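Going by numbering that gives the first Met the number 0, the first residue of the sequence shown is number 0, and it counts up by one from there.
Quick notes on the structure that follows.
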Amino acid sequence: MQLDIKDYLNNLRTYAEAEYIPIIRADSQRLIDVLLHIHKPVRILELGTAIGYSAICMASACCENVVDGVATPFHIDTIEIDPDMVVVARQNIEKCGFSSNIRVICGDCLEVLPALSMQYDMVFMDAAKGQYARIYEDCLRLLKKDGVLLCDNCTYHGKAKLDPATAPHKHRTIIANMQEFHRIILNDARLSSVLLEVGDGMILGSKKV
């Protein structure tokens, strides 16, 4: 019996919500689906695999991309720091039949990204929010000209607009780091970018050079 990927993804979302595992919001995922159908990327880099939900969603959307009657080939590299999550993600990816399309890399983005040299048509940043500013240059380096950069959770539950000095102490560092990231990416002449009020805030950019 062939697996119904849509049902499987619905079950994964229910599981993630019950176990408090962070996965992409539904409206943010719909935006990604639109971008995938418009740009038809061949190579995608994802930062932050978790249980593999968004990687499977992207792979499923890519399977629908057809040019001149021929399915567009695609490959996704996704990075996850938690070894236990890596095991679960690989199991989910295998069950959905995408093991040959999705490679899960176990490691810290700060260490893995500098070692990568392959160019990607799309980069999806969904890792530790406090690291966005630190990993941005590597993400841009790995992105092809005219490639799409998409960053999730950029408003940090609305807290990114707060003054770090007066924000709750436990949020001050990540708020300051996210604000620094906003200043960097939204003012980078190498990128056309915009902050979208989708999900928990997404920054969408296209590499110009």
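All C-beta atoms in this analysis are idealised placements derived from N, C-alpha and C, irrespective of residue type, glycine included.
As the structure is a prediction and not an experimental result, all values here were calculated from the model.
Taking a contact to require three or more Cβ pairs closer than 8 Å, the stretch 72-90 and the stretch 30-43 qualify as touching. Straight-line measurement puts the Cα of D6 at about 14 Å from the Cα of G96. With contacts defined by Cβ atoms closer than 8 Å, T13 and T48 do not form a contacting pair. Closest by C-alpha distance to G129, out of R171, V122, C105 and L112, is R171.
Counting along the chain, the unbroken alpha helix (DSSP H) around V86 starts and ends at P82 to K94. Per the DSSP secondary-structure output, E63 pairs with nothing in a beta bridge. Just so you know, the alpha carbons of G200 and V69 end up roughly 35 Å apart.
Around the Cβ of K207, a 10 Å sphere holds fewer than 16 other Cβ atoms; the residue is exposed. Between C150 and Y131, the C-beta gap is smaller than 8 Å, which places the two residues in contact. Secondary-structure assignment with DSSP links H38 through no beta bridge to anything. Under the Cβ criterion (8 Å, minimum of three pairs), the stretch 108-125 does not count as touching the stretch 83-99. In the three-state reduction of the DSSP assignment, I78 falls in the strand class.
Apart from sequence neighbours up to five positions away, the residues of its chain that approach V85 with a beta-carbon distance below 8 Å are T48, E79, V103 and C105, ordered along the chain.
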